[in-house]
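Residue numbers (the numbering used here): 3 to 351. Only one structure is covered here, and it is reproduced in the block below.
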Ligand SMILES: *Cc1c(COP(=O)(O)O)cnc(C)c1O
Ligand code: SF4
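Structure (structure tokens):
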């Protein structure tokens, strides 16, 4: 099998290179890559079936990225919420530690697209050690989320070193890794990597699939290897206009993920990130999709639809409204739209 690093090295990095595989007009797209990097590795490229399909739209630059007059570079104010470089402390008991600046592909809708894959996201050994040191001296932190970029694009030895230092911190309950490689470069999940990851339980991985055509045999094998290593797998999907913004597509995705032993965790309403406005849906779109899915398919397949509030105010669940009134009876509609009543016991508190 070709080594994952060799696959990554053969990635397409410009629209002009992509014209070797697809017949399209690339001239205006070079300007987009000057602002936001492009990388499509041969594995993901192989699964793009036609121009404009759901994988193409996630991976190929679009002029609309430069025609965004609504969004802002850092909508979640991650830079203001960083007590030390590359660490975001937004919630009381958990922190986000950015440990990598590369990804196996550069998603056009990425929340951190202003920095990911560019020199602006400077990650050094000393910055990582500073982040780990902040966690060491902050006992209210129970959980660390490793993100970036993609932490699993680091070398095995760097992953081992970061995990071992975190694992040694007594007040940490668990480590969570956010990684898209099970979807975008599944051959990264090697035996050597699994041997390292297995040493640091409880270790959770949240991966990121957005469309059922990403649920390939290779991706399925990667998820199975991780699950067999005892790692519970979740998925953070982004709701994307023109890609997965309908109930049937998401139903197929979520049920397919469960078959791959991945539990849908979040479905994200699009962030207000500059260069991604064309992917954003109206909030009613996601809520209506959730209304169609909840109850009609397994609860195991249902993620929380969440909006990451602008200004770093945290993730807020967006839920269909079922309750109609709440006096001595709670009056609500069920998942089929039928009116139901539940008699209360005692007074509201
Ligand atoms: C999303 C996020 C988390 C994790 O939130 P959960 O709801 O626990 O998944 C932690 N820190 C930051 C800064 C985040 O953006
Ligand atoms: S894998 Fe994640 S961090 Fe990397 S470009 Fe895609 S969305 Fe952004």
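We put the beta carbon where it would ideally sit given N, CA and C, even for glycine.
*Runs of alpha helix (DSSP H) lying entirely within the stretch 167-250, each at least 4 residues, in chain order*: List check, alpha helix (DSSP H) in window: 183-186, 193-199, 219-230.
*Endpoints, the alpha helix (DSSP H) within which residue 308 is located*: Stepping through the chain shown from its first residue, residue 308 is reached at position 306. Run containing residue 308: none in the alpha helix (DSSP H); it sits in the beta strand (DSSP E), 306-311.
*Compute the Euclidean distance between the alpha carbons of residue 16 and residue 335, then round it to the nearest angstrom.*
Along the chain shown, read from residue 1 onward, the residue named residue 16 stands at position 14. Along the chain shown, read from residue 1 onward, the residue named residue 335 stands at position 333. Approximately 51 angstroms between the Cα atoms of the pair.
*Tell me which same chain residues have a C-beta within less than 6 angstroms of the C-beta of residue 14, skipping the five on either side of it?*
Within the chain shown, numbered from 1, the residue matching residue 14 stands at position 12. Within the same chain, residue 14 has close Cβ partners 20, 42.
*Determine the closest residue to residue 304 out of 237, 202, 106, 173, with distance taken between C-alpha atoms.*
Counting from 1 along the chain shown, the entry for residue 304 is found at position 302. By alpha-carbon distance to residue 304, the top candidate from 237, 202, 106, 173 is 237.
_From the DSSP secondary-structure annotation, give me the bridge partner or partners of residue 145._
Indexing the chain shown from 1 puts residue 145 at position 143. Residue 145 is bridged to 96, 176.
_Endpoints, the beta strand (DSSP E) within which residue 327 is located_ = Working through the chain shown from its first residue, we reach residue 327 at position 325. Counting along the chain, the unbroken beta strand (DSSP E) around residue 327 starts and ends at 325-328.
*For ligand 1, which residues have a Cβ under 6 angstroms from at least one heavy atom, in chain order?*
If you measure from each CB to the nearest heavy atom of ligand 1, the residues under 6 angstroms come out as 90, 92, 93, 96, 98, 147, 317.
*For the beta strand (DSSP E) that residue 316 lies in, which residues bound it at each end?*
For the purposes of this step, residue 316 is taken as the residue at position 314 of the chain shown. Looking at the DSSP string, the run of the beta strand (DSSP E) that includes residue 316 is 316-319.
*alpha helix (DSSP H) containing residue 290: first to last residue?*
Here residue 290 is taken as the residue at index 288 of the chain shown, counted from 1. Segment 285-295, the alpha helix (DSSP H) holding residue 290.
_What does the alpha-carbon distance come out to for the pair residue 174 and residue 145?_
Here residue 174 corresponds to residue number 172 of the chain shown, with the count starting at 1. Here residue 145 corresponds to residue number 143 of the chain shown, with the count starting at 1. For residue 174 and residue 145, the distance between alpha carbons rounds to 6 angstroms.
*Just curious, the beta strand (DSSP E) that residue 342 is in, first and last residue?*
By 1-based counting over the chain shown, the position of residue 342 is 340. Residue range 341-345 is occupied by the beta strand (DSSP E) that includes residue 342.
*Confirm, please, whether the CB-CB distance from residue 10 to residue 156 is below 8 angstroms.*
The count along the chain shown starts at 1 and reaches residue 156 at position 154. The count along the chain shown starts at 1 and reaches residue 10 at position 8. Judged by their CB atoms, residue 156 and residue 10 are not nearer to each other than the 8 angstroms cut-off.
*asked:* Here's the rule: buried if 16 or more other CB atoms are within 10 angstroms of the residue's CB, otherwise exposed. What is residue 312?
replied: Within the chain shown, numbered from 1, the residue matching residue 312 stands at position 310. So residue 312 counts as exposed.
*Any chance the CB of residue 232 is under 7 angstroms from a heavy atom of ligand 2?*
Here residue 232 refers to the residue found at position 230 of the chain shown. Residue 232: no, Cβ never under 7 angstroms from ligand 2.
*Contact check, residue 30 vs residue 110 under 8 angstroms by CB: the rounded distance?*
Looking up residue 30 in the chain shown gives position 28. Looking up residue 110 in the chain shown gives position 108. With 8 angstroms as the limit, residue 30 and residue 110 do not qualify as a contact, their Cβ atoms being about 15 angstroms apart.
_Contact belief for residue 180 with residue 147 at Cβ below 8 angstroms, rounded distance in angstroms_ = Stepping through the chain shown from its first residue, residue 180 is reached at position 178. Stepping through the chain shown from its first residue, residue 147 is reached at position 145. About 6 angstroms; that satisfies the 8 angstroms criterion.
*Starting from the C-beta of residue 79, find all residues in its chain whose C-beta is less than 7 angstroms away, skip the five residues before and the five after it, and write them out in chain order.*
As a first step, residue 79 is located in the chain shown; it is residue number 77 there, counting from the start. The beta carbon of residue 79 sits closer than 7 angstroms to those of 313, 314, all from its chain and outside the five residues before and after it, given in chain order.
*For residue 288 versus residue 320, is the C-beta distance shorter than 8 angstroms?*
Position 286 of the chain shown, counted from the start, is the residue given in the question as residue 288. Position 318 of the chain shown, counted from the start, is the residue given in the question as residue 320. Yes. Within cutoff.
*Confirm the yes/no value for this check: CB of residue 150, any heavy atom of ligand 2, distance under 7 angstroms.*
Start at 1 with the first residue of the chain shown, and residue 150 comes out as number 148. Yes - ligand 2 has a heavy atom lying nearer than 7 angstroms to the Cβ of residue 150.
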